[in-house]
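Report on the structure given below.
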Ligand code: UGA
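Residue numbers (the working numbering): 1 to 340.
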């Protein structure tokens, strides 16, 4: 099989590429702005990388959409701080640019595996979010955080409409707070604009306070990237067409914890690491109002737990990596890559 991955150097893209090259005989064509996370994949003869921008290199993309069996458009801004700071950029990249790719998949009747998001459920009150039942609940327009959720939801609906009318074939997958090595760059974290796990690790490394937004009682289910990628590989394999035109949550409901618990767990793991046992001084954990941390366009999501029944049935998959291991492996990989 030939797989096209746009955003191949991103968190999901580079992990997926490595696993495809290690575990299958498929060929990967990948585009991204840079290649710093791709490591040894770059040397593999079954991997073809081009440095490029989805807004500019449209002919290259069209040629490869035509040539490949499966298209994964993984390019997106996916950090809440940026949803609030630059909602137009989120709309342009996450919606407009991705719609161009979807239109090409329609033109050539391709199979597209598209990253929807846990964020489309928004503030849904269900104890577990179900792909085919749960309501998708967002806040008012002034709360600009929801632009990401809305862009993704509209694309989900466009893809669904094309797929169910036979213009393309799709699987929408919804990652729930995947974590792991190289989640976000520490540079982004220094600016205060990375996702929570990288942000906390960066604060620990820089000895800066860890901020619990609005007290940190909001809950997330953290999913280790290796578990997530295992599910994604099964979606790409698509045995017996099981994933055809399906929406599938990929998360770990057993790894639920509050942001406050997360902060204390990461701090404890950091303090126990051999390189930091003797530090003497460690980040304090403080509370910060959401307005101060993100600005007035922010609104939080207090509970977010996936139902993974569909993934179990359609893919024969369940996550196996617990919360403690997920956080330890993520933290240790950051420390190794940024160590003394
Ligand atoms: C994330 C992002 O939108 C996407 O990466 C993705 O689509 C989705 O969720 C996902 O990964 O499933 P969220 O979980 O809200 O959304 O993003 P984080 O930045 O990781 O924040 C998690 C929680 O930690 C939020 O409640 C936030 O307020 C809190 N937080 C974040 C803090 O308390 N302190 C910080 O320094 C940073």
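Just so it is clear, CB atoms sit at the ideal spot from N, CA and C, and this is done for glycine as well.
Source: prediction; values computed, not measured.
Same chain, Cβ closer than 7 Å to residue i, five either side skipped, listed in chain order
i: residue 293; result: 211, 213
i: residue 290; result: 213, 214, 298, 300
i: residue 94; result: 76, 77, 148, 151, 152
i: residue 326; result: 179, 222, 224, 255
i: residue 108; result: 65, 66
i: residue 136; result: 120, 121, 122, 124, 153
Proximity to residue i [Cα-Cα], best of the options
i: residue 77; options: 168, 98, 156; result: 98
i: residue 384; options: 157, 231, 266, 296; result: As shown, the chain starts at 1 and ends at 340. That puts residue 384 outside it, with no answer to give.
i: residue 254; options: 225, 280, 305, 248; result: 305
i: residue 336; options: 34, 270, 208; result: 270
i: residue 238; options: 276, 44, 70, 124; result: 70
i: residue 159; options: 51, 106, 145, 203; result: 106
i: residue 24; options: 287, 140, 40, 2; result: 2
i: residue 90; options: 144, 123, 323, 49; result: 144
i: residue 208; options: 52, 281, 251; result: 281
Same chain, Cβ closer than 6 Å to residue i, neighbours up to 5 away in sequence not counted
i: residue 234; result: 315, 317
i: residue 75; result: 6, 7, 54
i: residue 172; result: 114, 116, 156, 247
i: residue 130; result: 307
i: residue 37; result: 9, 14, 182
Residue i CB to nearest heavy atom of the ligand UGA below 7 Å
i: residue 176; result: yes
i: residue 301; result: yes
i: residue 153; result: no
i: residue 182; result: no
i: residue 131; result: no
i: residue 212; result: yes
i: residue 148; result: yes
i: residue 291; result: no
i: residue 79; result: yes
i: residue 85; result: no
i: residue 259; result: yes
i: residue 278; result: no
i: residue 118; result: yes
i: residue 216; result: yes
i: residue 220; result: yes
Residue i (DSSP reduced to helix, strand or coil)
i: residue 151; result: helix
i: residue 207; result: coil
i: residue 264; result: helix
i: residue 32; result: strand
i: residue 249; result: strand
i: residue 219; result: strand
i: residue 258; result: strand
i: residue 139; result: coil
i: residue 308; result: coil
i: residue 45; result: coil
i: residue 108; result: coil
i: residue 321; result: coil
i: residue 293; result: helix
i: residue 224; result: strand
i: residue 75; result: coil
i: residue 171; result: strand
i: residue 8; result: coil
Contacts around residue i, its chain only, beta-carbon distance under 8 Å, and the 5 residues preceding and following it disregarded
i: residue 229; result: 12, 15, 16, 19
i: residue 21; result: 28, 41, 44, 46, 47
| At a cut of 8 Å, does the stretch 28-39 reach the stretch 235-249 through at least three beta carbon pairs? | In this structure the stretch 28-39 does not touch the stretch 235-249; the number of beta carbon pairs closer than 8 Å is below three.
Exercise. Does the stretch 99-118 touch the stretch 62-70, meaning 3 or more C-beta pairs lie closer than 8 Å?
Worked result: When Cβ pairs closer than 8 Å are counted between the two stretches, the stretch 62-70 is seen to touch the stretch 99-118, the count reaching three or more.
Is it true that the stretch 215-228 meets the stretch 253-272, where meeting means three or more beta-carbon pairs spaced less than 8 Å apart?
With a cut-off of 8 Å, the stretch 253-272 and the stretch 215-228 count as touching, because enough Cβ pairs lie within range.
Does the stretch 77-93 come into contact with the stretch 191-208, if we say contact requires no fewer than three beta-carbon pairs (one atom in each stretch) closer than 8 Å? Output reads yes: the stretch 191-208 touches the stretch 77-93.
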